[in-house]
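In order, the protein sequence lines correspond to chains E and V. Its first residue numbered 1, the first sequence is counted upward by one per residue in our numbering. Its first residue numbered 1, the second sequence is counted upward by one per residue in our numbering. For every residue, glycine included, the Cβ atom is placed at its ideal position computed from N, Cα and C.
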Amino acid sequence: DVVMTQSPLSLPVTLGQPASISCRSGQGLVYKDGNTYLNWYQQRPGQSPRRLIYKVSSRDSGVPDRFSGSGSGTDFTLKISRVEAEDVGIYYCMQATHWPPTFGPGTKVDIK
Amino acid sequence: QAQLVESGGSVVQPGRSLRLSCTASGFNFSSYGMHWVRQAPVKGLEWVAVISFDGRNKYYADSVKGRFVISRDNSKNTVYLEMNSLRRDDTALYYCATVSTTPFSDYWGQGALVTVSS
């Protein structure tokens with residue numbers, strides 16, 4: 001299975017300041033069709049996961065544009081340009097290029 | 001509006017069986033592969049199993065292979081997870097989800113809590 005790692009695992013941030021989460025995969029995530037199947041999920045306290053980003057950088061409908069995804073190969077990043085109170089939660093990267101799908105351990109974002 | 005509703009969660013003794021159900025509405029269920037993903041208390045997300053849109057192909061995590069069975073009934077818009085020989089480390093919130101890689105297609109239920117305890 002492809003191992004996904006994230007850093008940091010805990011990220012205290014100041015409201016209005018940027019935040020960045022790194023995700024690394026144990027293998028390259030380019031599929032034979034040329035796409036890279038890397039998703040980012042947000043899980044707010046007490047809620048189900050919600051997808052924010054798919055295929056590295058495509059933002060889901062309704063996701064604020066302060067969220068952006070980037071990266072290639074084995075290194076990926078989720079950025080929040082200006083953290084708001086509603087962004088508190090745990091963020092997971094997930095690869096779906098190789099079977100089975102695997103999730104990173106999660107990064108807990110909270111407010112300083 | 002797309003919705004997934006899990007049911008069947010319960011407290012069960014080690015070694016016993018339990019079946020979870022997940023009923024979909026608001027999207028074309030029979031066109032989607034369906035996944036079960038679990039989350040142990042205060043832990044991260046662990047993928048458990050997937051079934052193809054037509055039910056022909058099924059894959060399992062090594063941790064549940066041989067014990068869990070995924071199935072679906074497209075006439076009822078429902079996916080199931082039959083869990084046998086349950087162990088304490090199967091205790092988790094079980095989500096059904098589409099876990100998609102395409103736009104407008106990633107849906108998750110609210111989860112069904114399974115507690116394995118004597």
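For residue 88 (chain V), the secondary structure class from DSSP, reduced to helix, strand or coil, is helix. Here residue 4 (chain E) is not near residue 77 (chain E), since their CB atoms are 8 Å or more apart. The C-beta distance from residue 90 (chain E) to residue 106 (chain E) rounds to 4 Å, short enough to fall under 8 Å. In the three-state reduction of the DSSP assignment, residue 85 (chain E) falls in the helix class.
At the C-beta level, residue 110 (chain E) and residue 12 (chain E) come within 8 Å of one another. Chain-order list of chain E residues neighbouring residue 8 (chain V): empty, with the shortest C-beta distance near 17 Å, by a criterion of under 8 Å. CA-CA distance, residue 101 (chain V) to residue 76 (chain V), rounds to 25 Å. Counting only the Cα atoms, residue 48 (chain E) lies some 22 Å from residue 83 (chain V).
Residue 12 (chain V) and residue 41 (chain E) have their C-alpha atoms some 30 Å from each other. If you compare the alpha carbons of V:41, V:117, V:6, V:112 with that of residue 24 (chain V), the shortest gap goes to V:6. By the neighbour-count definition (other C-beta atoms within 10 Å, threshold 16), residue 82 (chain E) is an exposed residue.
Spanning the alpha carbons of residue 103 (chain V) and residue 39 (chain E) requires a straight line of approximately 11 Å. Around residue 26 (chain V), no beta-carbon contact reaches into chain E at under 9 Å, the shortest distance being about 15 Å. Collapsing the DSSP output to three states places residue 68 (chain V) in a strand.
For the 8 Å CB-CB criterion, residue 107 (chain V) and residue 2 (chain V) form a contact. In terms of beta-carbon proximity, residue 79 (chain V) stays away from the interface with chain E, with every pair separated by 8 Å or more.
Residue 50 (chain V) counts as buried, since at least 16 other C-beta atoms from the protein chains shown sit within 10 angstroms of its C-beta. The CB of residue 59 (chain V) comes closer than 7 Å to the CB of 99, 100 in chain E, given here in chain order. Bridge partners of residue 3 (chain V) according to DSSP: V:25. Its chain contains 37, 39 as the residues whose beta carbon lies nearer than 7 Å to that of residue 45 (chain V), once the 5 sequence neighbours on both sides are disregarded; these appear in chain order. Among the residues facing chain V, residue 12 (chain E) is not included, as its CB has no counterpart in that chain under 8 Å away. According to DSSP, residue pairing for residue 76 (chain E) in a beta bridge involves E:23, E:71. DSSP places residue 105 (chain V) outside both helix and strand once states are collapsed to three, so it counts as coil. Look at residue 51 (chain E): its C-beta is under 8 Å from a C-beta on chain V.
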